[in-house]
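Asks:
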Amino acid sequence: MPKASVELTLVEECMRMLLGCRVENFFARRRSYLLIYIILIILNMFGYPLASRGYALSDTGRVISSLLSVSTIPYEWLAPIFHVATIILLVVMWRWGAGASRIFAVYVGANYIFIAFAQTIGVTLEFGLVILVGAFISYSFIGLLWFWDAAVCRTEIIFRKLPLWRYWPIPLAISAFWSPINVSWSLISSLQYSVQFMQLLLSNPYISWMIVSDSPMLFISIQFVSNLFTLILMSPNFNPLFLLTSSGYGLTFCMTTPVFLCLLTLFYPQINELAYKITAFVGIIYGVLNMPHLFSPYTVWMGVLHFPLLFISIYALILSRILKEKLSLEAASPKKSKY
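Mapping to the numbering used here: the sequence shown position 312 is 332, numbers consecutive.
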C-alpha cells in the first residue's frame, strides 16, 4: 500500500476514534441517558405542534390527526422504492456481513431524516401549515445518530446462530413492513378533507342558516358517516402486494422502526448502543401514544398495527438486561454461552 494511503487511513481512524470518544464519553454515565430520555418525553408527550393558523389547546389532537392524514401523501409513490431498497439492503448485508455495516447505518440515518421532513410537516385544510416539533427533532436526532454511527462504525453486522427465542421479533417486523391496512392514507385523507370542509362551511353563521336550520344534527350526521367510512377503510387487508407497496413502511416512523430495531437486536451486542437505545426509547414513546387507537371501534386495527413498534422497542431496550441475567444463570454451567 502506498505511503500516502497508509497515512490517510491512519488519519481517518484517528478522527473516527476522536469523534466516537467525545460523544460516548458524554453518555458514559446513566444520568446522561436519563436527561435525554426526559427531554424526549417532554418534546413528544407534552410539546405542542406549530400551526400557521393557530388553534385552541383543546384542538391539539385534531391538529395532529389532520397533519398525519395528509403529510405523507405526496411521498406515497416512494413506498415501493423503500420496500425494494430494504430487501436489496438485506441481501447486501447477508452477502457482505461486516463490510455492509456502514451502508446499513447510512441507510437508516437517511430514512429517519426523510421521515422527519415527510411525516412531521404538512399543509392541512383547517390549520394550514403544521409542524410536529417534538417528532421532527426526535426523528432528526435519531437520523444524525445513525450518520454518526456510519462515521465511527460501532455497529457491526454479523449474522450468527442465536437461541431460538431471540428471533421472536421477526414476525412482528414483517407485519410492520407489510402494514396490512385496507387502503393508503390518501383515500382516508380525502374523506377527512371533505368532512373538514363541510364542518368549516357550516361553522360560518352566514352560510349554515341557508343549508339547514338545525346544523348540530348535520354535524353529527357528517361525523357519523366519516367514522363509518374510517372503520371500513382502516380495516385489515392482507393483500400480499402490500409487502412491496404499503404506504406505512419507509414513510412513517411507526412502521419503519420495528424493522430496523429487529435487525439490531439480532446483531446485539455489536451495535452502536447510543443510537440503538435512543431509537428504541422514541419507539416506546410513540408506541404508547398510539395505544389509544385500541379504545375506538373505528381505529382498533391501527392500534394493533402499532404493537410491533411498542413490543420490539421495549424488548430492544431491555435486551441487555435479559442477556446479563441469562449469562449469570449460566455462570455455573460448563457449557459455552450462546448469547
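Built from N, CA and C at the ideal position, the CB exists for glycine as well.
Taking DSSP as the reference, what is the three-state secondary structure of methionine 230?
Replies: As a first step, residue 230 must be located in the sequence shown, where it is residue number 210. Because the pLDDT at methionine 230 is just 48, under 50, the model does not fix this residue reliably, and the value given afterwards should be weighed accordingly. It is helical.
Asks: So the alpha helix (DSSP H) isoleucine 133 belongs to, where does it begin and stop?
Replies: For the purposes of this step, residue 133 is taken as the residue at position 113 of the sequence shown. Run containing isoleucine 133: 121-140, per the alpha helix (DSSP H) assignment.
Asks: State the beta-bridge partners of glycine 148 as determined by DSSP.
Replies: As a working note, residue 148 is residue 128 in the sequence shown. Partner(s): Thr144.
Asks: Per DSSP, which one or two residues make a beta bridge with leucine 70?
Replies: Within the sequence shown, numbered from 1, the residue matching residue 70 stands at position 50. Ile151.
Asks: Have a look at valine 90 and glycine 142 and give me their C-alpha separation to the nearest angstrom.
Replies: As a first step, residue 90 must be located in the sequence shown, where it is residue number 70. As a first step, residue 142 must be located in the sequence shown, where it is residue number 122. Roughly 7 Å between the two C-alpha positions.
Asks: If you reduce the DSSP assignment to three classes, tell me which class proline 256 lands in.
Replies: Translated into positions along the sequence shown, residue 256 becomes position 236. Proline 256 falls in the strand class under three-state DSSP.
Asks: What's the C-alpha gap between alanine 76 and valine 83?
Replies: Position 56 of the sequence shown, counting from 1, holds the residue named residue 76. Position 63 of the sequence shown, counting from 1, holds the residue named residue 83. The straight-line gap from Cα to Cα measures roughly 10 Å.
Asks: Run the CB neighbour count on valine 111, radius 10 Å, all protein chains shown included, and call it buried at 16 or more, exposed below.
Replies: Along the sequence shown, one-based indexing puts residue 111 at 91. Its Cβ having fewer than 16 others within 10 Å, valine 111 is exposed.
Asks: If we ignore side chains and look at the alpha-carbon of each, how far apart do glutamate 176 and valine 126 end up?
Replies: Taking the sequence shown and counting its residues from 1, the one referred to as residue 176 is at position 156. Taking the sequence shown and counting its residues from 1, the one referred to as residue 126 is at position 106. Approximately 13 Å between the Cα atoms of the pair.
Asks: Along the alpha helix (DSSP H) that carries proline 328, what are the first and last residues, could you check?
Replies: By 1-based counting over the sequence shown, the position of residue 328 is 308. Unbroken alpha helix (DSSP H) run through proline 328: 327-349.
Asks: To which residues of the same chain is phenylalanine 197 closer than 6 Å at the C-beta, ignoring the five residues directly before and after it?
Replies: Walking along the sequence shown from the start, residue 197 turns up at place 177. If we look at phenylalanine 197 and ignore the five residues flanking it on each side, its Cβ neighbours are Tyr269 and Val279.
Asks: Taking 8 Å as the threshold (C-beta atoms), are phenylalanine 147 and arginine 73 in contact?
Replies: Reading the sequence shown from its first residue, position 53 is the one you call residue 73. Reading the sequence shown from its first residue, position 127 is the one you call residue 147. Yes; because the gap between Cβ atoms is below 8 Å, this pair is in contact.
Asks: Rounded to whole angstroms, what is the Cα-Cα separation between arginine 115 and isoleucine 59?
Replies: Looking up residue 115 in the sequence shown gives position 95. Looking up residue 59 in the sequence shown gives position 39. In a straight line, the C-alpha of arginine 115 is about 39 Å away from that of isoleucine 59.
Asks: In the DSSP assignment, find the alpha helix (DSSP H) that holds methionine 113 and state where it starts and stops.
Replies: The residue you call residue 113 lines up with position 93 of the sequence shown. Segment 99-116, the alpha helix (DSSP H) holding methionine 113.
Asks: Using CA coordinates, which residue listed in Leu284, Phe273 and Glu345 is at the minimum distance from leucine 325?
Replies: By one-based count along the sequence shown, residue 325 stands at place 305. With distances taken between Cα atoms, leucine 325 lies closest to Phe273.
Asks: Distance, Cα to Cα, lysine 344 vs leucine 263?
Replies: To locate residue 344, count along the sequence shown from 1; it is residue 324. To locate residue 263, count along the sequence shown from 1; it is residue 243. Whole-angstrom Cα-Cα distance: 36 Å.
Asks: Taking only runs of the beta strand (DSSP E) that begin and end inside the segment 268-301, which ones reach a length of at least 3 residues, in chain order?
Replies: With a minimum length of 3 residues, no continuous beta strand (DSSP E) run stays inside the segment 268-301.
Asks: Return the first residue and the last residue of the alpha helix (DSSP H) that threonine 80 is part of.
Replies: Here residue 80 refers to the residue found at position 60 of the sequence shown. That run of the alpha helix (DSSP H) goes 80-88.
Asks: What residues are listed by DSSP as bridge partners for isoleucine 201?
Replies: Residue 201 sits at position 181 when you count from the first residue of the sequence shown. Note: isoleucine 201 sits in a beta bridge opposite Pro256.
Asks: Taking contact to mean at least 3 C-beta pairs separated by less than 8 Å, is the segment 168-183 in contact with the segment 92-101?
Replies: Result no; under three Cβ-Cβ pairs closer than 8 Å.
Asks: Helix, strand or coil: which one does DSSP assign to alanine 196?
Replies: For the purposes of this step, residue 196 is taken as residue 176 along the sequence shown, with counting starting at 1. The answer is helix: DSSP assigns alanine 196 an H, G or I state.
Asks: Run through DSSP, which three-state label would glutamate 176 get?
Replies: Within the sequence shown, numbered from 1, the residue matching residue 176 stands at position 156. Three-state result, glutamate 176: coil.
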